[in-house]
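Those protein sequences? They're chains A and B, same order as listed.
Sequential numbering of the first sequence, starting at 1, is according to full-length UniProt numbering.
Sequential numbering of the second sequence, starting at 1, is according to full-length UniProt numbering.
Just so you know, even glycine gets a beta-carbon here, dropped at the ideal spot from N, CA and C.
Step one of this worksheet: look at the structure below.
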Amino acid sequence: MASTMRKEPLLYMEEYRVKQDPQDYGLADDVFSIQAYKEKLHIKIVKNDEDGLEFDLIGVYPAIANAFRRLMLSDVPSMAIEKVYIYNNTSIIQDEVLAHRMGLLPLRADPRLFAYRTEESTEAGTEQDTLEFELKVKCSRRRDAGKDQSNFDDIYKNHKVYSGHLKWLPKGKQAQIYNESAVNCIHDDILIAQLRPGHELDLRLVAVKGLGRDHAKFSPVATATYRLLPLIKLNREVSGKDAYLLQSCFSPGVIGIDENETAYVKDARYDTCSRNVYRYPQLNDAVTLARIRDHYIFSVESVGALKPDVIFLEAVKVLKRKCRAFIDEIEAE
Amino acid sequence: MTTQSIAEACALHVFCKQTKEYLNQLKMGALAELAGDEKNGEGSRTFVFTNEGHTLGNALKTIIARYPEVDFCGYTIPHPTEQKLHFRIQSHRDRAIDILKRGLEDLEGLCDHTIVTFEKEMADFNAVKVENT
């Protein structure tokens, strides 16, 4: 493992303060060079499943880690409904509230296959930069419903409008390129509105490509966060009753207890780093709590259009493209 | 006052209008230079990035501030509702514009290396996952 081979820069978490390692000057007078960065950087993928991606980014400056996080949140594009044409809305939900709800629906369309709308774009948009949907739902009373029935599902038809009711209207040649399951709503069970007999929704929805910094609905991630890897050291043996008390001070699975009823650090990674242990005088001196200053644990949860690993790569590419654009501009001068 | 100095005194000197329009299309920033450093030599400049924020500013600052020939490097966003980033570089040796360019190139190289490393690790991770199933 990479982390055991190097001297880890630590940040100590004492009872009332956070203390830097007295030997550690890394952040202050480190000279930047790309070679040094290449030697220091390690990436380790920990988990990548439906729940999201977890990976370790080791040996980077806080500003770089934070830039990647910010880029994932607000500079990686995605498609979202931007315009809602309301032809009829007789439900009790107001037009503007309804339009806002439509905007927040996550779409499956891959934003890399679409272009941004420009100033010159027409209102209707083109097949390269626009997706169109319609939502036509009318609520009615079921004829076969008996008078003694009280369940709305039995009495009314279409009384709940779900995101699955959205119908894709292919523009131009879109129908030949994509199929509906590649562009429509990721979830078809999002409740949009509730209707009663006689209520009707007739909407046309226009989805465009946008950035999270314009509106959160364009953000491709549900969450993108990082934290520093915790490190817990036991300074002396803790056994018996105190061992169980020590175990209860940390997150489940962090402290283990062996057959001699002695506590040991099993896995500090998923500790929440609460300083509960300092509340007990008999445990106060037994542990050293620290975090590794340049070991970032990233967790990225995608909304669903792009895979989390793709989102991270796209984010880094965005930063690269920004740099390239400015370099070109300087050179052009 | 000559026309030359009036032009220099203009608060914003836009380098290249065409590039700016092109960048706006790509939802990216554009670069200009703040006046007031005419007497301070080429080493001191405040650059104005439009449509950029803390994401680029702080990342670039941490890199440029760590060059030995740079005396001072810092950035500010003068007003939160204005999409403008003021980026200050002071150096006694090199031209500020060259340092900025070098910083951007280093940041680009850093991105490249991160992409390569991440892709490699992801491929390894997926290979192990396939083996185990």
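Drop a sphere of 10 angstroms on the beta-carbon of residue i, count the other beta-carbons inside from all chains shown, and report buried for 16 or more, exposed for fewer.
i: Pro252/A; result: exposed
i: Lys322/A; result: buried
i: Ser274/A; result: exposed
i: Arg291/A; result: buried
i: Thr272/A; result: exposed
i: Ile177/A; result: exposed
i: Phe152/A; result: exposed
i: Gly240/A; result: exposed
i: Gly103/B; result: buried
i: Leu104/A; result: exposed
i: Phe72/B; result: exposed
i: His92/B; result: exposed
i: Val130/B; result: exposed
i: Glu333/A; result: exposed
i: Val91/A; result: Note that residue 91/A corresponds to Ser in the displayed sequence, not to Val. The residue in question, Ser91/A, is buried, as its Cβ has 16 or more Cβ neighbours within 10 Å.
i: Gly43/B; result: buried
i: Asn126/B; result: exposed
i: Asn235/A; result: exposed
i: Lys61/B; result: buried
i: Val76/A; result: buried
i: Tyr156/A; result: buried
i: Leu23/B; result: Caution applies to Leu23/B, whose pLDDT of 47 falls short of 50 and renders its modelled position unreliable; the value that the coordinates give is listed next. Buried is the call here.
i: Lys217/A; result: buried
i: Asp148/A; result: exposed
i: Ser248/A; result: exposed
i: Val128/B; result: exposed
i: Phe118/B; result: buried
i: Tyr37/A; result: buried
i: Asp309/A; result: buried
i: Glu82/B; result: exposed
i: Glu50/A; result: exposed
Per the DSSP calculation, residue i is bridged to which residue(s)?
i: Ile81/A; result: Ala207/A
i: Lys136/A; result: Asp202/A
i: Cys273/A; result: For Cys273/A, which the question treats as bridged, DSSP gives no partner whatsoever.
i: Asp56/A; result: Lys44/A and Ile297/A
i: Pro230/A; result: Arg291/A
i: Lys317/A; result: Answer is none; Lys317/A lacks a bridge partner.
i: Arg324/A; result: None, per the DSSP bridge assignment.
i: His86/B; result: Val48/B and Thr76/B
i: Ala30/B; result: Thr50/B
i: Tyr162/A; result: Leu191/A
i: His167/A; result: The sequence given here has Lys at residue 167/A, not His. According to DSSP, Lys167/A bridges with Glu134/A.
i: Asp110/A; result: Its beta-bridge partners do not exist; DSSP assigns none.
i: Val70/B; result: Ser91/B
i: Tyr116/A; result: Partner(s): none; Tyr116/A has no beta bridge.
Compute the distance between the beta-carbons of residue i and residue j, then report whether it is under 7 Å.
i: Lys19/A; j: Tyr12/A; result: yes
i: Asp202/A; j: Lys160/A; result: no
i: Thr130/A; j: Val208/A; result: yes
i: Ser163/A; j: Cys185/A; result: yes
i: Thr55/B; j: Arg88/B; result: no
i: Thr50/B; j: Ala30/B; result: yes
i: Ile45/A; j: Met122/B; result: yes
i: Asp242/A; j: Gln194/A; result: no
i: Ala263/A; j: Val287/A; result: no
i: Arg204/A; j: Glu120/A; result: no
i: Leu246/A; j: Ile255/A; result: yes
i: Tyr278/A; j: Glu82/A; result: no
i: Gly57/B; j: Ile34/A; result: no
i: Leu229/A; j: Ile327/A; result: no
i: Val300/A; j: Val206/A; result: no
i: Phe32/A; j: Arg66/B; result: yes
i: Ala59/B; j: Ile64/A; result: yes
i: Asn88/A; j: Glu200/A; result: yes
List the whole-angstrom C-beta distance separating residue i from residue j, where the pair is believed to meet the contact cut-off of C-beta under 8 Å.
i: Ile330/A; j: Lys101/B; result: 5 Å
i: Ala305/A; j: Leu107/A; result: 7 Å
i: Asp112/B; j: Lys40/A; result: Not a contact, Cβ separation roughly 15 Å.
i: Ala315/A; j: Phe68/A; result: 6 Å
i: Ser219/A; j: Gly52/A; result: 14 Å between Cβ atoms; not a contact.
i: Met79/A; j: Ile311/A; result: That pair is no contact at about 14 Å.
i: Pro9/A; j: Arg293/A; result: 4 Å
i: Lys171/A; j: Glu123/A; result: Wrong, their Cβ atoms sit about 13 Å apart, outside the cutoff.
i: Ile43/A; j: Asp30/A; result: Not quite, the Cβ-Cβ distance comes to about 20 Å (not below 8 Å), so this is no contact.
i: Ile63/B; j: Asp106/B; result: 5 Å
Heavy atom of the ligand ATP less than 6 Å from the Cβ of residue i, yes or no?
i: Phe298/A; result: Judged by which ligands are present, the structure shown has none, so any question about the ligand ATP falls away.
So, does the CB of residue i fall closer than 7 Å to a CB anywhere in chain D?
i: Asn58/B; result: Given the protein chain composition of this structure (A and B), no chain D is represented.
Can you give me, in chain order, the residues of the segment 24-57 of chain A that have a beta carbon less than 7 Å from any beta carbon in chain B?
Asp30, Val31, Phe32, Ile34, Tyr37, Lys38, Leu41, Ile43, Lys44, Ile45 and Asn48
Going along the segment 287-321 of chain A in order, which residues come within less than 8 Å of chain B, judged by CB to CB distance?
Asp309, Phe312, Leu313, Val316, Lys317, Leu319, Lys320 and Arg321
Output needed in chain order: residues of the segment 104-119 of chain A with a Cβ under 9 Å from some Cβ in chain B.
Tyr116, Thr118 and Glu119
What residues from the segment 87-112 of chain B come within 8 Å of chain A, judged by C-beta to C-beta, listed N to C?
Ile97, Leu100, Lys101, Leu104, Glu105, Asp106, Leu107, Glu108, Gly109, Leu110, Cys111 and Asp112
Residues of the segment 67-81 of chain B whose Cβ lies closer than 7 Å to any Cβ of chain A, in chain order
Tyr67 and Pro68
The segment 118-143 of chain A: positions lying closer than 7 Å to chain B by Cβ
Thr118
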